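Just below is one structure, and these are the notes that go with it.
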Amino acid sequence: MALVTSKKMFEQAYKNGYAIGAFNVNNMEIVQGITEACKEEKAPVILQVSKGARAYANHTYLIKLVEAAVIECPDIPIVLHLDHGPDFETCKACIDGGFTSVMIDGSAHSFADNIAVTKKVVEYAHDHGVVVEGELGTLAGIEDEVSHAVGSYTRPEEVEEFVLKTGVDSLAIAIGTSHGAYKFKPDQCTRNAQGILVPPELRFDILEEVSKRLPNFPIVLHGSSSVPQDYVKMINENGGKMPDAIGVPEEQLRRAAELSVCKINIDSDLRLAMTGTIRKFFNEHPDKFDPREYLKPARANIKELVRHKLKDVLGCAGKADECK
Ligand code: G3H
Ligand code: 13P
Ligand code: ZN
Numbered sequence: 207m208a209l210v211t212s213k214k215m216f217e218q219a220y221k222n223g224y225a226i227g228a229f230n231v232n233n234m235e236i237v238q239g240i241t242e243a244c245k246e247e248k249a250p251v252i253l254q255v256s257k258g259a260r261a262y263a264n265h266t267y268l269i270k271l272v273e274a275a276v277i278e279c280p281d282i283p284i285v286l287h288l289d290h291g292p293d294f295e296t297c298k299a300c301i302d303g304g305f306t307s308v309m310i311d312g313s314a315h316s317f318a319d320n321i322a323v324t325k326k327v328v329e330y331a332h333d334h335g336v337v338v339e340g341e342l343g344t345l346a347g348i349e350d351e352v353s354h355a356v357g358s359y360t361r362p363e364e365v366e367e368f369v370l371k372t373g374v375d376s377l378a379i380a381i382g383t384s385h386g387a388y389k390f391k392p393d394q395c396t397r398n399a400q401g402i403l404v405p406p407e408l409r410f411d412i413l414e415e416v417s418k419r420l421p422n423f424p425i426v427l428h429g430s431s432s433v434p435q436d437y438v439k440m441i442n443e444n445g446g447k448m449p450d451a452i453g454v455p456e457e458q459l460r461r462a463a464e465l466s467v468c469k470i471n472i473d474s475d476l477r478l479a480m481t482g483t484i485r486k487f488f489n490e491h492p493d494k495f496d497p498r499e500y501l502k503p504a505r506a507n508i509k510e511l512v513r514h515k516l517k518d519v520l521g522c523a524g525k526a527d528e529c530k
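Every number in this note's numbering is 206 more than the matching position in the sequence shown, counting from 1.
Structure (structure tokens):
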């Protein structure tokens, strides 16, 4: 099947208490690792591309890689989404260039300016059969080139007006997640019996209040990597330096998926899997220099990581058919 929008996926995900994985892609091995897992697990999927990814890999290469995945995985629905579109022009370029979904990230603007730019993108996108994600509230960390030292939670009292005035199809909200591999400072965490840092709980009260005000409306969670400690350890044991890297506990993401969260964004975990695997390979085989030899296990580990997310966190394994 051809690329699809996320409309049907979100309807099914909302109704049946699961979420669709939105995984960031930059190169062939990442696209292959993700889509091979989705194909085997019969899961719908959103492949997303940031402004930085377009600058790195080039729009055309990314489009062609995703088109190749569509051909190789004919039985699963695949969305091609722009992640953190910074302005109308970038969104328009992606809409004109074959994307089926775009995010306009106006979260750094005032409420009124966020509404204005989001509405403009929605009008253009809807005229071209493309869906739009907006954002209210800011996540700490780096959102492409927009960097926020501290985040600000979404204000539930703003969401109805925002959705009504812009016509967005989904809304990203800030409830305590952040981008990257350092989501919580150690002093924000407690320690469990084994001495492992346990981060504070996400603001489920805000999520619930937003959902009450926007019934049946798909909510998006950014910054949803869990920062697997096995990969942090693998990186650190093989020459890396990532102390105190902490992510969102998977049980909390599962809980969010059972509520109104229909799209969960994961990028950093893929990066950790790829980097950990390659670092280990280099350490164990200092004589090797064929990129295929280290990219192969890296791709395989991305695939297993995504399989785990689909089955154990997102709950969307086996849901491809109902999302078509
Ligand atoms: O939200 C940010 C994504 O992880 C994309 O990151 O801008 O480095 O490609 P990037
Ligand atoms: P992570 O950095 O937690 O993987 O978040 C990715 C993201 O939100 C992309 O938009
Ligand atoms: Zn994001």
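Beta carbons are placed, not taken as given, at the ideal position from N, Cα and C, and that holds for glycine. Remember, predicted model here, so these are calculated numbers, not experimental data.
Its Cα nearest to that of I441, the residue T481 stands out among Y267, V454, T481. When secondary structure is reduced to three states using DSSP, G340 falls in the strand class. Looking at the DSSP output, S358 bridges to T344.
By a beta-carbon distance limit of 8 angstroms, A228 contacts K469. Their separation comes to about 5 angstroms. Residue environment: I484 is assigned as buried (16 or more neighbouring CB atoms within 10 Å of its CB, all protein chains considered). Inter-residue distance for G373 and Y330 is about 11 angstroms (C-alpha atoms, whole angstroms). Beyond the five residues adjoining it in sequence on each side, L516 comes within less than 8 angstroms, by CB distance, of G227, A243, C244, E247, A249, C522, A523 in the same chain, given in chain order. Non-local beta-carbon contacts of G291 in its own chain, meaning distances under 8 angstroms to residues more than five positions away in sequence, involve K257, C297, C300, V308, M309, I310, D311, V327 in chain order. Assignment of D475 by DSSP, reduced to helix, strand and coil, places it in the helix class.
Contact between K371 and I321 holds, with the beta-carbon distance rounding to 5 angstroms and staying under 8 angstroms.
Here F216 really is in contact with S376; their C-beta atoms are around 6 angstroms apart, less than 8 angstroms.
Straight-line measurement puts the Cα of N398 at about 32 angstroms from the Cα of R361. In the DSSP assignment, F229 falls within the beta strand (DSSP E) that extends over 226–230. About 19 angstroms separates the beta carbon of L420 from that of G382, a gap too long to meet the 8 angstroms contact definition. Ranking N222, P405, R260 by CA distance to the CA of Q458 puts P405 first. Annotation for Q254: no alpha helix (DSSP H) segment contains it, though the beta strand (DSSP E) segment containing it runs 251–256. Nearest neighbour of S313 by Cα position, chosen from A259, A274, F368, turns out to be F368.
Assigned with DSSP and collapsed to three states, M215 falls in helix. Looking at the DSSP output, V210 bridges to nothing. Of the heavy atoms belonging to ligand 2, at least one sits nearer than 7 angstroms to the Cβ of I472.
Contact between I508 and L476 holds, with the beta-carbon distance rounding to 5 angstroms and staying under 8 angstroms.
Per the C-alpha coordinates, the member of L271, Y262, K213, T344 positioned closest to P283 is K213. Per the coordinates, the alpha-carbon of K530 lies some 11 angstroms from the alpha-carbon of P280. DSSP places T383 in the coil class of the three-state scheme, outside both helix and strand. Contact between K391 and G429 fails: their C-beta atoms lie close to 15 angstroms from each other, not under 8 angstroms. When the Cα atoms are used, D293 and F488 turn out to be separated by approximately 40 angstroms.
Only residues of its own chain outside the window of five on either side were considered, and among them K371, T372, G373 have a CB closer than 8 angstroms to the CB of K325, listed in chain order. Between L345 and G357 a beta carbon distance of about 5 angstroms is seen, short of the 8 angstroms cut, so the two are scored as contacting. Annotation: L420 is outside any beta strand (DSSP E) and is labelled neither H nor E by DSSP. Taking 8 angstroms as the cut-off, the beta carbon of T306 is found no closer than this to the beta carbon of E278. For L403, the CB contacts under 8 angstroms within the same chain, skipping 5 residues up- and downstream, are F390, P392, C395, T396, R397, D450, I452 in chain order. Short of 7 angstroms from the beta carbon of R260, and not among the five residues preceding or following it, lie these beta carbons of its own chain, in chain order: L268.
Rounded to the nearest whole angstrom, the C-alpha separation of A225 and R460 is 8 angstroms.
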